[in-house]
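Each protein sequence line maps, in turn, to chains V and Y. This note's numbering applies: residue 401 is where the first sequence begins, and numbers increase by one. This note's numbering applies: residue 401 is where the second sequence begins, and numbers increase by one. Beneath this line is the structure, given in structure tokens, with notes to follow.
2 protein chains.
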Amino acid sequence: MALLWRDPNAEAVRPGPKPGLSVEAIVDAAIAVADAGGMAALSMRAVGERLSCSGMALYTYVPGKAELIDLMYDRALGELPVHYPGEDDEWREALISWARDTCAFYVRHPWMLQVSQARPVLGPGEHRFLETLACVLCRTGLRPAVLRPVVGTLLHLVRGCAQTIADARWAPAVTGTFEHEWWYARSRLLAEVAPDYAARYPVLVWLHGEDLEESPPPGDASLTYQETEARRTFEAGLAVLLDGVETAMRRADLP
Amino acid sequence: MALLWRDPNAEAVRPGPKPGLSVEAIVDAAIAVADAGGMAALSMRAVGERLSCSGMALYTYVPGKAELIDLMYDRALGELPVHYPGEDDEWREALISWARDTCAFYVRHPWMLQVSQARPVLGPGEHRFLETLACVLCRTGLRPAVLRPVVGTLLHLVRGCAQTIADARWAPAVTGTFEHEWWYARSRLLAEVAPDYAARYPVLVWLHGEDLEESPPPGDASLTYQETEARRTFEAGLAVLLDGVETAMRRADLP
DNA sequence: TACGATACTTTATGCTGTAAGGAGTGGCAA
DNA sequence: TTGCCACTCCTTACAGCATAAAGTATCGTA
Numbered sequence: 401m402a403l404l405w406r407d408p409n410a411e412a413v414r415p416g417p418k419p420g421l422s423v424e425a426i427v428d429a430a431i432a433v434a435d436a437g438g439m440a441a442l443s444m445r446a447v448g449e450r451l452s453c454s455g456m457a458l459y460t461y462v463p464g465k466a467e468l469i470d471l472m473y474d475r476a477l478g479e480l481p482v483h484y485p486g487e488d489d490e491w492r493e494a495l496i497s498w499a500r501d502t503c504a505f506y507v508r509h510p511w512m513l514q515v516s517q518a519r520p521v522l523g524p525g526e527h528r529f530l531e532t533l534a535c536v537l538c539r540t541g542l543r544p545a546v547l548r549p550v551v552g553t554l555l556h557l558v559r560g561c562a563q564t565i566a567d568a569r570w571a572p573a574v575t576g577t578f579e580h581e582w583w584y585a586r587s588r589l590l591a592e593v594a595p596d597y598a599a600r601y602p603v604l605v606w607l608h609g610e611d612l613e614e615s616p617p618p619g620d621a622s623l624t625y626q627e628t629e630a631r632r633t634f635e636a637g638l639a640v641l642l643d644g645v646e647t648a649m650r651r652a653d654l655p
Numbered sequence: 401m402a403l404l405w406r407d408p409n410a411e412a413v414r415p416g417p418k419p420g421l422s423v424e425a426i427v428d429a430a431i432a433v434a435d436a437g438g439m440a441a442l443s444m445r446a447v448g449e450r451l452s453c454s455g456m457a458l459y460t461y462v463p464g465k466a467e468l469i470d471l472m473y474d475r476a477l478g479e480l481p482v483h484y485p486g487e488d489d490e491w492r493e494a495l496i497s498w499a500r501d502t503c504a505f506y507v508r509h510p511w512m513l514q515v516s517q518a519r520p521v522l523g524p525g526e527h528r529f530l531e532t533l534a535c536v537l538c539r540t541g542l543r544p545a546v547l548r549p550v551v552g553t554l555l556h557l558v559r560g561c562a563q564t565i566a567d568a569r570w571a572p573a574v575t576g577t578f579e580h581e582w583w584y585a586r587s588r589l590l591a592e593v594a595p596d597y598a599a600r601y602p603v604l605v606w607l608h609g610e611d612l613e614e615s616p617p618p619g620d621a622s623l624t625y626q627e628t629e630a631r632r633t634f635e636a637g638l639a640v641l642l643d644g645v646e647t648a649m650r651r652a653d654l655p
């Protein structure tokens, strides 16, 4: 896709009325729409409205919605940092920083998680993004064949956690109820409809402690229980994963 | 949601014409539609067509599309196995079996991955599913506080890999091109549009070897390159993660 | 000045979920 | 037996979606 790799400065003088818009402006507006209302709110009309023109006007600059989404995807990735400095033996700290930045990024732009990876976008933004991760990972000294699955696993963890956090934040807006109200109503309904709960799911009850029955535990009051739990999963899961990478390094006789 | 926990055998005799449909039949038909055409093809009219009735007839049995999706989600989870036998010290094998079954399940029903987790469904199917995983994990002897993030991380890995595999399988149907054609066209385009590729992304080139330039490596010919890579990520990523769990067990002075 | 390319609009088509209202069915009380 | 009415299912309608097609306004250039 030539649009992805186009040079924004190359402008040809052509007959006809001056363009009132630009691909850049359209992509930015589309990102703003998707950030505010999610992928579901991203319609050509909505983007056009933000730019004070009809939805059809966009088709002059962009072939269709699919291509616009590709452009949004690649452009948004550009806001991520590129360098994670540090010595080779500090790869773990760098990787944790990378993961936190990337997770926060996906939470900021949850619609990114709904872009199909069926045919990777292959734009400069995605390449830059993967190059950054590869740079950090190659400090471990592991071979490409070992690192490649680690790349995928890290991405799955980061994206999964970001998805959960984003879902938790959207929930009140979508369902119209706050978490504690919903939680209270559901647990009461559950006790009514499945009175033998503790007997049917003993291990689950053990695993979650009393969470399903009592109110959310104290913590950062600005975060929902779901989000707190998702962040715990992120930090602890990342630590477990990196422990596994260290095991692989030990097996390969690396420091 | 009482519909989720309803007893299918409890039938009340009521006036009026005999119902020609049932919630079960509708949910099954909806699952079949979504399996065949993805979440995008799941419309009330499409489900009605499969049952030889209008889309509006479904509203007699189900309050709306959202509730139907919840029912589909919970019912589909019922087809997963519940028991993963073995001694306590064979938890690793059991967990790998669980992960493979679950990944294959999500690949069979990719629409499951698009069901929002904003407000968990809380039906019997989901509880059974999580109880199964908890049963396998508690064999490690680790404490709930340690295991809970492992549950989340495992789910993220399995779902992420399944998503990638499902995307790879859908790609030809959606884009109309086979993987090798698409790959060939894109790499030619890439070389044209970014001639300095190897200089701009040196570490990425190192990480992927010559993948971006040569044809897919030999392997199971029935699988696409993308899917092969996704399966490698799954197996190797799972191994790394379980190595990390073993590290945690060693720290806790467990066998 | 006239041409023709470009920018943008309006209109139309066929999808979507679902609200509203109408027609037919059949168990039960009178 | 008759009438009632809860119930099932249908048709119609509406707003919103992507986008194809056609029409109009603008402006560099011959």
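From the three backbone atoms N, C-alpha and C, an ideal C-beta is built for every residue, glycine too. All of these numbers come straight from a predicted model, not from anything done at the bench.
Q) At a Cβ threshold of 7 Å, is Y:Asp643 touching chain V? A) yes
Q) Three or more beta-carbon pairs under 8 Å between the region 506-523 of chain Y and the region 592-610 of chain V, yes or no? A) no
**Q.** Chain-ordered chain V contacts of Y:His580 [CB-CB under 7 Å]
**A.** In chain order: nothing, as chain V lies at least about 13 Å away.
Q. Do you know offhand how far V:Val438's Cα is from V:Pro510's?
A. Here the sequence assigns Gly to residue 438 of chain V, which means Val is not the residue at that position. Taking the straight line from one Cα to the other gives about 7 Å.
**Q.** Whole-angstrom distance between V:Cys453 and Y:Pro481, CA atom to CA atom
**A.** 54 Å
Q: Can you tell me the Cβ-Cβ gap for Y:Leu604 and V:Ala499, rounded? I've got them flagged as a contact below 8 Å.
A: Not a contact, Cβ separation roughly 18 Å.
Q.
The alpha helix (DSSP H) that contains V:Leu404, what's its start and end?
A. 402-405
**Q.** Helix, strand or coil at V:Lys418 according to DSSP, with G and I counted as helix
**A.** coil
(Q) Closer than 8 Å between beta carbons: that is the criterion. Which residues of the region 567-596 of chain Y meet it against chain V? (A) Asp567, Ala568, Trp570, Ala571, Val574, Thr575, Trp582, Arg586, Leu589, Leu590, Val593, Ala594
(Q) What does the alpha-carbon distance come out to for the pair Y:Tyr625 and Y:Val536? (A) 32 Å
(Q) If the cut-off is 7 Å on Cβ atoms, which residues from the region 526-553 of chain V count as contacting chain Y, listed in chain order? (A) His527, Leu530, Glu531, Ala534, Cys535, Cys538, Pro544, Leu547, Arg548, Pro549, Val550, Gly552, Thr553
Q) If the cut is a Cβ gap below 9 Å, which residues of chain Y does V:Tyr601 touch? A) His527, Arg528, Leu530, Glu531, Ala534
Q: Under the assumption that V:Trp418 contacts V:Met444 (Cβ atoms under 8 Å), give the Cβ distance between them as a whole number of angstroms.
A: This sequence places Lys at residue 418 of chain V; Trp is not what is there. That belief does not hold up - the Cβ atoms of V:Lys418 and V:Met444 are roughly 22 Å apart, past 8 Å.
Q.
If you reduce the DSSP assignment to three classes, tell me which class Y:Tyr461 lands in.
A. coil
(Q) Going by DSSP, what residue range makes up the alpha helix (DSSP H) through V:His509? (A) No alpha helix (DSSP H) contains V:His509, which DSSP labels as neither H nor E.
Q: Taking C-beta pairs closer than 7 Å, name the residues in chain Y that V:Leu604 reaches, listed in chain order.
A: His527, Leu530, Glu531, Ala534
Q. Is Y:Ala636 helix, strand or coil when you go by DSSP?
A. helix
Q) Does at least one heavy atom of the ligand NAD sit under 6 Å from the Cβ of V:Ala652? A) In terms of ligand content, the structure shown is empty, and the ligand NAD therefore cannot be addressed.
**Q.** Cut-off 6 Å between Cβ atoms - residues of its own chain near V:Leu654, not counting five sequence neighbours on either side
**A.** Gly541
Q: Could you tell me which uninterrupted alpha helix (DSSP H) segments, each at least 4 residues in length, are contained entirely in the region 493-547 of chain V, listed from first to last along the chain?
A: 524-537
Q. Going straight from the alpha carbon of V:Glu487 to that of V:Cys538, what length do you get?
A. 12 Å
Q) By how many angstroms is the C-alpha of Y:Arg600 removed from the C-alpha of Y:His608? A) 14 Å
Q | Assigned exposure category for V:Glu424 - 16 Cβ within 10 Å defines buried | A | exposed
Q. What did DSSP end up calling Y:Leu451 once you bin it into helix, strand or coil?
A. coil
(Q) Taking the beta carbon of V:Met456 as the centre, do at least 16 other beta carbons fall within 10 Å, making it buried, or is it exposed? (A) exposed
Q. Looking only at its own chain, which residues have a Cβ that is under 6 Å from the Cβ of V:Ala434, when we skip the five neighbours before and after it?
A. Leu442, Trp511
Q: Can you pull the chain V residues whose beta carbon is under 7 Å from the beta carbon of Y:Trp405, in chain order?
A: Val593, Ala594
Q: Give the range of the alpha helix (DSSP H) segment to which Y:Ala598 is assigned.
A: 597-600
**Q.** Presumed contact (8 Å Cβ cut-off) between V:Pro549 and Y:Gly637, rounded CB distance
**A.** 5 Å
Q: Use the C-beta contact count for V:Thr460: other C-beta atoms within 10 angstroms, 16 or more gives buried, fewer gives exposed.
A: exposed
(Q) For Y:Gly576, count the other beta carbons within 10 Å of its own beta carbon; 16 or more makes it buried, fewer makes it exposed. Which is it? (A) exposed
Q: For V:Thr647, return the contacting residues in chain Y, with the cut-off set at a CB-CB distance below 9 Å.
A: Val640, Asp643, Gly644, Glu646, Thr647
Q: Since I believe Y:Leu642 is in contact with Y:Leu678 (beta carbons under 8 Å), could you give me their beta-carbon distance rounded to a whole number of angstroms?
A: Outside the shown range of chain Y, which is 401 to 655, sits residue 678 of chain Y, and nothing can be said about it.
Q | First through last residue of the alpha helix (DSSP H) which encompasses Y:Asp428 | A | 423-437
(Q) For V:Phe634, count the other beta carbons within 10 Å of its own beta carbon; 16 or more makes it buried, fewer makes it exposed. Which is it? (A) buried
Q) Which class does Y:Leu607 belong to by DSSP, given the choice of helix, strand or coil? A) helix
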